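Below is one structure, written out as structure tokens; comments come after it.
In UniProt numbering, the protein residues as written are 1 to 285.
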């Protein structure tokens, strides 16, 4: 895994011709103009640990230029929604089903999430794609269903190590986005999370320049395949072993609009550092 840190994609100037080391502008463009941070708690947390985590988050501060979302398990959503300071944080679900209410044992409908007062849902995470064999088309159908129900979507895409090293990475990302584009016309309530599968939960993180390369590619994909306006406004965030130590440097990259965080989101002080990453680098710019 260590050799992944040395992988390069398309050269020092990147896919857009811009230097990959350029610092992002302090002023954000786009829908809300805010940097975006998500915490995916996955299947973690007890009543005791979640109560402690909520208290830690409530005691911290979130800058006005950053939108922060946390995503507990379905069982924990009611407690978190009732006790987390939602002037600072929003609450998301980790999945929803492609159909509405009905005889779908074990599934949660988008309508049920909206009825519970949620505004966000994570869809297409690589762990669900792998464990549940969710196809690009199913993820796209879920995305359309969630949007039609009024939810905002964190749409996850990413390649495996084998796909990256075989040269198929961009084809994989293209196919994942194209499936959604075939079903969706309004991207204003979608955040795209680029999560290289080889970096999720491994402790290996893409270098800032590697992350910028792929995000610049995705920005260009939206310009070419959807529209210039969507390319300028959509937030493309990075996920893959983001932590309190590497977040500030990643946040400097021009096309990295935030993070979807896994393990570090379970540590309140660390997650607050990440939530303030853009503010930290903006002040030092």
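All C-beta atoms, glycine included, are put in the ideal place defined by N, C-alpha and C. Computed from a predicted model, the values in this text were never measured in an experiment.
Can you tell which of 89, 48, 94, 64 has its C-alpha closest to the C-alpha of residue 42? That would be 94, whose Cα lies nearest to the Cα of residue 42.
Please classify residue 276 as buried or exposed, where buried requires at least 16 neighbouring CB atoms within 10 angstroms. buried
Buried/exposed call for residue 32, threshold 16 Cβ in 10 Å: Residue confidence is low: residue 32 scores 48 on pLDDT, short of 50, so the model does not pin down where it sits. Its coordinate-derived value is still stated next. With fewer than 16 other Cβ atoms within 10 Å, it is exposed.
Selection from 91, 85, 67 that minimises the alpha carbon distance to residue 75: Looking at the Cα atoms, 91 is the closest of the given residues.
Helix, strand or coil: how does DSSP classify residue 253 here? In the three-state scheme derived from DSSP, where H, G and I count as helix and E and B as strand, residue 253 is classed as strand.
Rounded straight-line distance, which links the Cα of residue 232 to that of residue 196: 23 Å
Which residue marks the beginning of the alpha helix (DSSP H) containing residue 198, and which one marks its end? Unbroken run through residue 198: none, as it is neither H nor E.
So residue 40 and residue 71 are supposed to be a Cβ contact under 8 Å. How far apart are they, rounded? The C-beta distance from residue 40 to residue 71 rounds to 5 Å, short enough to meet the 8 Å contact threshold.
Beta-carbon proximity list for residue 101, same chain, < 8 Å, skipping 5 on both sides: 109, 111, 112, listed in sequence order.
Using 8 Å for Cβ pairs, my map puts residue 57 next to residue 268. What's the rounded Cβ distance? Distance from residue 57 to residue 268 at the Cβ level is roughly 5 Å; contact confirmed, criterion being Cβ atoms closer than 8 Å.
Considering residue 45, what are the terminal residues of the alpha helix (DSSP H) in which it resides? Looking at the DSSP string, residue 45 is not in any alpha helix (DSSP H), and its letter there is neither H nor E.
Alpha-carbon to alpha-carbon, residue 150 and residue 115: 11 Å
Could you please give the first and the last residue of the uninterrupted alpha helix (DSSP H) stretch that includes residue 97? Premise fails: residue 97 is in no alpha helix (DSSP H) and is neither H nor E.
State the beta-bridge partners of residue 235 as determined by DSSP. 191
Could you give the DSSP three-state label for residue 90: helix, strand or coil? strand
With H, G and I counted as helix, E and B as strand and the rest as coil, what does DSSP make of residue 271? helix
As an exercise, report each continuous beta strand (DSSP E) stretch of at least 3 residues that is fully enclosed by the region 152-179, in chain order. Those beta strand (DSSP E) runs which fall completely within the region 152-179 and span 3+ residues are 152-157.
For the region 117-136 and the region 206-215, state whether three or more C-beta atom pairs, one from each stretch, are separated by less than 8 Å. no
Spatial neighbours of residue 88 in its chain, beta-carbon cut-off 6 Å, leaving aside the 5 residues before and after: 62
Under 6 Å Cβ to Cβ from residue 243, same chain only, skipping five residues before and after it: list those, please. 264
Can you tell me whether residue 118 is helix, strand or coil according to DSSP? In this structure, residue 118 counts as coil in the three-state DSSP scheme.
Between the CA atoms of residue 145 and residue 69 - distance to the nearest angstrom: If I take the Cα positions, the gap works out to 21 Å.
Among residues of its own chain, excluding the 5 on either side of residue 249, which ones have a beta-carbon nearer than 6 Å to its beta-carbon? 208
Is the beta carbon of residue 219 sitting closer than 8 Å to the one on residue 36? Taking a C-beta distance under 8 Å as the contact criterion, residue 219 and residue 36 do not qualify as a contact pair.
If you check the beta carbons only, do residue 192 and residue 155 fall under 8 Å apart? yes
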